[in-house]
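Below: one structure, written as structure tokens.
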Amino acid sequence: MRQPVILITGANGEIGHGLVEHFGRNGDHGVVALDLKPMDERLDALCTASITGDILDDNLLKRLISEYEIHAIYHLAALLSTRSEYTPDTAHKVNVNGTLNLLELAAEQSRWHGQPVKFLFPSSIAAYGLPDLATKTEAGAVREDQWAAPKTMYGCNKLYCEQLGRYYTRHYRQLAADRAPSGVDFRAIRFPGLISAVTMPSGGTSDYAPEMIHAAARGESYACFVPEHAQIPFMAMPDAIKSLVQLSAAPAEALQRGVYNVNAFSITAGQVRDWVVEAFPNGKITFEPDAPRVAIVDSWPAEVNDDPARRDWGWKPDYDLARAFDEYLLPTIRSFYHR
Ligand code: SER
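Going by the numbering used here, 1366 is the number at position 230 of the sequence shown; the sequence numbering is gapless.
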């Protein structure tokens, strides 16, 4: 008998850490963790299996089908926005072909065990593309169906994969005589910039906020690559994990869309700096804007509207700005660096 599990790809990344912790301790099924890098030892202990490998490796994915009965996939593996600009073709392969491989795997799994396979996909504010700063300021809180004209390869990849997910869930093989639903139950969240107290992002463009905070906590100086007035929405990592768990648990009939914004708080880089210098007086923050990366941040909304998530699956963040910094980041980062 194959073992019933959930599969988490990119499990060693920032969101992966939180999800493995959550499902490793509370889940109904075991966790199979897949990542290019070997799993953190601490997380490894929580997993049924940790596999070091590539989502583009067909043989590896086939082996997963033969060994496990997969009931949900949290497909986190991706190249983030800054890294993707250096190697757009590789980004496309990993972010799009990789997602297609996992959607196929989900459909195949569903055919075997006859139940829907939930497919949770972290999309991003990078799926938006506002043409200029004036429009961004005027736009206010952007809804899911507005300004979806991304300027980055990563944003294009995320937006297209949202559509792929919708196709697999609603229109799969629509011309086949033996047409049957794919069995893939695709649900996506467009995340704001995420800030974790215990992991560091790599290769993203919203990374300036977590980089600033962690550098100061270590007593180091940091040159921020966007100007003080740059503003995008952010979220504390525990809320990101909560949103994925909550959306996954929502009854399918309640979901009027496949893709949801989630909002927590929106801040400028200057506001992050103000908090950081107060919390960690040894850190020194300067601003040295890097025009191309600033342009990417300027194309992302300053705020997002998350009414559909609140309405359909009861979304509400636990951490507003004050709680995120004072009750999560400050105490957790302090103990993290003083272990
Ligand atoms: N945080 C991501 C990035 O900066 C956006 O989803 O690439």
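Just so you know, even glycine gets a beta-carbon here, dropped at the ideal spot from N, CA and C.
Count the other C-beta atoms from every protein chain shown that fall within 10 angstroms of the C-beta of W1248, then say buried if there are 16 or more, exposed otherwise.
Under this definition W1248 is an exposed residue.
Of all the options A1263, W1283 and A1324, which has the alpha carbon lying nearest to the alpha carbon of T1271?
The shortest Cα separation from T1271 among A1263, W1283 and A1324 belongs to W1283.
Inter-residue Cα distance where the pair is P1140 and K1173
24 angstroms
Which residue marks the beginning of the beta strand (DSSP E) containing D1171, and which one marks its end?
G1166 to D1171
Assuming the contact rule is C-beta atoms closer than 8 angstroms, Q1245 and I1191 should be a hit. Round their C-beta distance to whole Å, please.
In fact, because the Cβ distance is near 15 angstroms, the residues do not count as touching under 8 angstroms.
Identified DSSP bridge partners for N1397:
Among the bridge pairs identified by DSSP, N1397 is matched with R1326.
Pull up the distance between the alpha-carbon of T1218 and that of Y1344, whole angstroms please.
12 angstroms
Among the residues of its own chain, which have a CB less than 7 angstroms from the CB of D1321, if the five just before and after it don't count?
P1252, V1253, K1254, F1255, T1305 and A1388
Where does H1207 fall in DSSP's three states?
strand
At least 3 beta-carbon pairs within less than 8 angstroms: the segment 1390-1409 vs the segment 1321-1339:
yes
Given that a residue counts as buried once 16 or more other Cβ atoms are within 10 Å of its Cβ, and exposed if not, what is P1258?
buried
Assign P1140 to one of three DSSP states: helix, strand, or coil.
Under the three-state reduction of DSSP, P1140 is assigned to strand.
I1331 beta carbon less than 8 angstroms from that of W1436:
no
Same chain only: Cβ atoms within 8 angstroms of Y1473, ignoring 5 sequence neighbours per side:
A1353 and R1354
Just list the alpha helix (DSSP H) runs in the segment 1184-1261, keeping only unbroken ones of 4 residues or longer that don't cross its boundaries, in chain order.
1194-1203, 1217-1222, 1224-1228 and 1234-1249
Just verifying my parser: in three-state terms, what is the DSSP assignment at S1084?
Residue 1084 lies beyond the range of the chain shown here (1137 to 1475); nothing can be said about it.
Along the beta strand (DSSP E) that carries M1371, what are the first and last residues, could you check?
Q1367 to A1372
Locate the beta strand (DSSP E) running through K1420, then write down its first and last residues.
K1420 to F1423
Residue ranges of each alpha helix (DSSP H) run of no fewer than 4 residues wholly in the segment 1298-1367, ordered along the chain?
1344-1353
Expressed to the nearest angstrom, what Euclidean distance is found between the alpha-carbon atoms of A1243 and A1316?
Those two C-alpha atoms are separated by around 11 angstroms.
Closest to G1301 by C-alpha separation, out of L1155, A1372 and H1211, would be which residue?
H1211
Which of the three DSSP states, helix, strand or coil, is assigned to A1181?
coil
Looking at C-beta atoms only, is the number of pairs between the segment 1260-1269 and the segment 1427-1441 that lie closer than 8 angstroms three or more?
They touch, by the three-pair rule.
Going by DSSP in three states, T1271 sits in which element: helix, strand or coil?
In the structure shown, T1271 sits in a helix (DSSP, three-state: H, G or I).
Can you tell which of R1429, V1381, C1360 and A1376 has the C-alpha that lies nearest to the C-alpha of G1419?
In terms of CA proximity to G1419, C1360 leads the group R1429, V1381, C1360 and A1376.
Evaluate the contact criterion for the segment 1220-1240 versus the segment 1186-1204: three or more CB pairs, one atom per stretch, below 8 angstroms.
Yes: the two stretches touch, three or more of their Cβ pairs being nearer than 8 angstroms.
Determine the burial state of T1273: buried for a count of at least 16 other Cβ atoms within 10 Å of its Cβ, exposed for fewer.
exposed
Residue of A1313, A1333 and C1183 minimising C-alpha distance to L1466
With distances taken between CA atoms, L1466 lies nearest to A1333 out of A1313, A1333 and C1183.
Coil, strand or helix - A1284 by DSSP:
Here A1284 sits in coil by DSSP.
With contact counted as at least three CB pairs below 8 angstroms, one residue from each stretch, are the segment 1401-1421 and the segment 1374-1384 in contact?
no
Mind checking whether the beta-carbon of F1327 lies closer than 7 angstroms to any heavy atom of the ligand SER?
yes
Continuous alpha helix (DSSP H) stretch holding D1426: start and end:
From DSSP, D1426 is part of no alpha helix (DSSP H); its letter is neither H nor E.
According to the Cβ coordinates, are A1351 and A1372 closer than 8 angstroms?
Not closer than 8 angstroms, so no.
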